[in-house]
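First the structure, in the form of structure tokens, and then the observations on it.
There are 4 protein chains.
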Amino acid sequence: MQFQDPNFQQAAEQLFARAAFPQHLGMRLTRIEPGLCGSELTAQPWQMQQDKFIHAGVIATLADHTAGGAAMTLVEAGQTILSVEYKINFLRPALGDRLRCEARVLRHGRTLIPTEAEVYAIDGAEEKMVAKAIVTLAVVTMK
Amino acid sequence: MQFQDPNFQQAAEQLFARAAFPQHLGMRLTRIEPGLCGSELTAQPWQMQQDKFIHAGVIATLADHTAGGAAMTLVEAGQTILSVEYKINFLRPALGDRLRCEARVLRHGRTLIPTEAEVYAIDGAEEKMVAKAIVTLAVVTMK
Amino acid sequence: MQFQDPNFQQAAEQLFARAAFPQHLGMRLTRIEPGLCGSELTAQPWQMQQDKFIHAGVIATLADHTAGGAAMTLVEAGQTILSVEYKINFLRPALGDRLRCEARVLRHGRTLIPTEAEVYAIDGAEEKMVAKAIVTLAVVTMK
Amino acid sequence: MQFQDPNFQQAAEQLFARAAFPQHLGMRLTRIEPGLCGSELTAQPWQMQQDKFIHAGVIATLADHTAGGAAMTLVEAGQTILSVEYKINFLRPALGDRLRCEARVLRHGRTLIPTEAEVYAIDGAEEKMVAKAIVTLAVVTMK
Numbered sequence: 200m201q202f203q204d205p206n207f208q209q210a211a212e213q214l215f216a217r218a219a220f221p222q223h224l225g226m227r228l229t230r231i232e233p234g235l236c237g238s239e240l241t242a243q244p245w246q247m248q249q250d251k252f253i254h255a256g257v258i259a260t261l262a263d264h265t266a267g268g269a270a271m272t273l274v275e276a277g278q279t280i281l282s283v284e285y286k287i288n289f290l291r292p293a294l295g296d297r298l299r300c301e302a303r304v305l306r307h308g309r310t311l312i313p314t315e316a317e318v319y320a321i322d323g324a325e326e327k328m329v330a331k332a333i334v335t336l337a338v339v340t341m342k
Numbered sequence: 200m201q202f203q204d205p206n207f208q209q210a211a212e213q214l215f216a217r218a219a220f221p222q223h224l225g226m227r228l229t230r231i232e233p234g235l236c237g238s239e240l241t242a243q244p245w246q247m248q249q250d251k252f253i254h255a256g257v258i259a260t261l262a263d264h265t266a267g268g269a270a271m272t273l274v275e276a277g278q279t280i281l282s283v284e285y286k287i288n289f290l291r292p293a294l295g296d297r298l299r300c301e302a303r304v305l306r307h308g309r310t311l312i313p314t315e316a317e318v319y320a321i322d323g324a325e326e327k328m329v330a331k332a333i334v335t336l337a338v339v340t341m342k
Numbered sequence: 200m201q202f203q204d205p206n207f208q209q210a211a212e213q214l215f216a217r218a219a220f221p222q223h224l225g226m227r228l229t230r231i232e233p234g235l236c237g238s239e240l241t242a243q244p245w246q247m248q249q250d251k252f253i254h255a256g257v258i259a260t261l262a263d264h265t266a267g268g269a270a271m272t273l274v275e276a277g278q279t280i281l282s283v284e285y286k287i288n289f290l291r292p293a294l295g296d297r298l299r300c301e302a303r304v305l306r307h308g309r310t311l312i313p314t315e316a317e318v319y320a321i322d323g324a325e326e327k328m329v330a331k332a333i334v335t336l337a338v339v340t341m342k
Numbered sequence: 200m201q202f203q204d205p206n207f208q209q210a211a212e213q214l215f216a217r218a219a220f221p222q223h224l225g226m227r228l229t230r231i232e233p234g235l236c237g238s239e240l241t242a243q244p245w246q247m248q249q250d251k252f253i254h255a256g257v258i259a260t261l262a263d264h265t266a267g268g269a270a271m272t273l274v275e276a277g278q279t280i281l282s283v284e285y286k287i288n289f290l291r292p293a294l295g296d297r298l299r300c301e302a303r304v305l306r307h308g309r310t311l312i313p314t315e316a317e318v319y320a321i322d323g324a325e326e327k328m329v330a331k332a333i334v335t336l337a338v339v340t341m342k
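Residue numbers (the numbering used here), protein chains in the order written: chain A, 200 to 342; chain B, 200 to 342; chain C, 200 to 342; chain D, 200 to 342.
Below you can see the structure in the form of structure tokens.
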């Protein structure tokens with residue numbers, strides 16, 4: 200996996216710091232390497248669904264944005280990334296007080312960067328994979 | 200499309216009223232018919248991405264939950280629905296102050312209810328489709 | 200939906216005529232309009248799965264290639280299309296002797312053309328939707 | 200990953216041996232373990248697209264059926280599996296004379312078994328991942 204921009208960490212950090220909705224959800228960046236991104240989130244009561252589980256929308260946003268972080272490490276200066284589409288499978292109800300996400304670029308294309316992301320729910324000492332996503336990211340040159 | 204529960208409207212209404220995260224996002228139910236559901240949301244500043252567009256996570260949550268509302272109209276009393284997986288394509292940046300979603304059941308299965316949802320962004324007098332999703336919902340019997 | 204190439208019908212026809220695998224499967228083009236494509240296929244015994252139903256792989260190939268035909272009507276001369284990814288839901292077993300597909304472009308982008316496709320199985324006088332797909336097509340300039 | 204049926208290998212073998220379309224394509228089972236399945240296919244001229252690459256429909260059918268093989272190792276005697284939906288990303292053109300697929304169950308559910316599959320194209324001594332899929336399989340009790 201080759202990367203162009205020596206400031207790849209800063210690029211991913213800004214993707215997290217400047218995005219209002221991920222900030223509102225409390226998403227934190229925990230790892231940045233070329234083609235990889237890790238993040239986490241402490242679940243809030245307003246992030247639940249009709250029961251005691253974390254809402255699918257919170258899980259999907261974490262997966263999508265962390266995939267964006269992984270792709271962002273591979274673009275050149277002056278470029279950014281945009282989610283074209285994603286698909287996510289919810290593997291089990293997300294029980295716990297914290298979510299953790301790991302994203303990994305599948306292929307570093309010039310215009311498209313397909314990336315996979317796994318989301319884990321942490322309930323005390325127990326951690327379980329609750330969702331897996333494949334996100335297609337487009338490389339966009341900023342004007 | 201046949202439906203079992205004479206209280207199908209109430210079932211969909213509760214899916215919206217009792218879900219913390221959709222409530223927090225400001226999602227409102229605008230239409231309930233057997234196999235169909237409409238909803239809308241007035242965009243808040245904290246629902247944006249790093250620019251002036253509504254974040255993909257808000258759009259996807261609206262699509263997913265409205266698909267759930269459409270499926271919910273078709274289940275029996277004592278049953279509920281759960282998102283197994285979804286796929287969403289973002290067709291263009293979501294510019295505007297309001298989102299509108301229409302969901303329609305594709306097939307009323309006994310255990311699975313695949314449903315499609317279209318999301319439109321409303322910018323003054325102009326309305327554009329910004330996303331299309333297919334959601335697979337499972338029918339779950341509540342204990 | 201605007202299109203650039205006055206020979207848009209020929210472009211879609213060649214996509215069907217020159218593709219070895221769709222030809223082998225017996226796929227026929229039945230309709231070409233800007234942003235729209237129709238096709239059909241008469242099921243062969245070797246196209247079945249372990250029972251009397253048409254195999255998902257045949258259905259998915261028809262959906263994918265017909266989506267390509269719809270997108271192909273919108274590209275410029277010297278360009279072609281390529282499937283980036285797709286998602287397909289199988290709504291019910293495909294019982295019958297013939298498949299029919301209708302594809303429709305969701306958004307005519309400059310580099311990406313998301314397109315949806317519905318597949319119907321025809322069993323005597325009865326026709327049922329058996330699958331729905333969303334396909335992301337990339338516009339590629341031929342060298 | 201727990202499995203119920205001591206004849207899990209035979210169950211997966213029959214899924215390959217009895218399916219007309221995968222047999223016609225020349226799919227061969229290369230590995231069966233609980234929750235895992237490997238397969239391969241030697242590309243034929245009629246399996247190509249309009250150029251020298253293996254058609255997406257062949258790749259997707261291999262991914263889907265191999266995912267089915269992986270899920271099949273986990274069901275009980277008298278049960279079978281059915282593809283509910285899948286999503287596949289095509290990472291690069293499939294250049295080569297052979298395809299290889301590895302599928303792995305993501306979650307062994309009682310009624311649904313989400314499974315991921317990776318497809319590699321082998322061109323002489325070189326092997327590259329050309330596609331990644333997530334398949335949702337339903338567990339069906341045979342009558």
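Yeah, the Cβ is synthetic: ideal placement off N, Cα and C, and Gly gets one too.
Of the residues D:G256, D:F252, D:Y285 and D:F207, the one whose Cα lies closest to the Cα of L311 of chain D is D:Y285. The beta carbon of F220 of chain D falls within 8 angstroms of a beta carbon belonging to chain C, placing the residue at that interface. With 16 or more other CB atoms across the displayed protein chains lying within 10 angstroms of its CB, A320 of chain A is buried.
In the three-state scheme derived from DSSP, where H, G and I count as helix and E and B as strand, P313 of chain A is classed as strand. Using a Cβ-Cβ cut-off of 7 angstroms, I253 of chain C is close to nothing in chain B; its nearest Cβ partner there is about 17 angstroms away. Excluding the 5 residues flanking it on each side, N288 of chain D has same chain C-beta neighbours closer than 7 angstroms at A330 and K331, in chain order.
By the Cβ neighbour-count rule, D250 of chain B is exposed, with fewer than 16 other Cβ atoms within 10 Å of its own. Nearest to A255 of chain C by alpha-carbon distance, out of D:T265, D:T229 and D:A302, is D:T265. Against chain D, the beta carbon of E315 of chain A has neighbours under 8 angstroms at K331, listed in chain order. Contacts with chain C at 8 angstroms (Cβ-Cβ) include K286 of chain A.
The shortest CA-to-CA distance from L298 of chain B to any of B:T335, B:T279 and B:L240 is the one to B:L240. Identification of chain D residues near V257 of chain B by a Cβ-Cβ cut-off of 8 angstroms yields none; the smallest Cβ-Cβ distance measures about 22 angstroms. If you draw a straight line from the Cα of P244 of chain A to the Cα of P292 of chain A, it is about 16 angstroms long.
The straight-line gap separating the alpha-carbon atoms of M226 of chain C and D322 of chain C is approximately 18 angstroms.
Taking a beta-carbon distance threshold of 8 angstroms, T335 of chain A counts as an interface residue toward chain D. A distance below 8 angstroms separates the beta carbons of A218 of chain A and Q248 of chain B. Within the same chain, Cβ atoms closer than 8 angstroms to the Cβ of R309 of chain B are found at V338, the five residues on either side in sequence being excluded. The three-state secondary structure of F220 of chain B, taken from DSSP, is helix. A Cβ-Cβ distance of about 6 angstroms is found for the pair L214 of chain D and G268 of chain D, placing them in contact under the 8 angstroms criterion.
Distances from the CA of G237 of chain A to each of A:N206, A:M271 and A:I253 were compared; the closest alpha carbon is that of A:M271.
Relative to the Cα of A259 of chain A, the nearest Cα in the group A:L235, A:N206 and A:L224 belongs to A:L224. At a Cβ-Cβ threshold of 8 angstroms, A324 of chain A and E315 of chain A do not count as neighbours. Put simply, the CB of T310 of chain B is near chain D, with a gap under 8 angstroms to one of its CB atoms.
Residue contact with chain D for F289 of chain C: present (Cβ-Cβ distance below 8 angstroms to some residue of chain D). The C-beta of D296 of chain A comes no closer than 8 angstroms to any C-beta of chain B. Of the residues assessed, D263 of chain D falls on the buried side of the cut-off, its CB having 16 or more other CB atoms within 10 angstroms.
In this structure, DSSP gives F289 of chain C an extended state, which the three-state scheme calls strand. The residue from D:R306, D:G295, D:M341 and D:V304 with its alpha-carbon nearest to that of K327 of chain D is D:G295. Nearest to R230 of chain A by C-alpha distance, out of A:Q208, A:F220 and A:L281, is A:Q208.
By the 16-neighbour rule on beta-carbons within 10 angstroms, T279 of chain C is buried.
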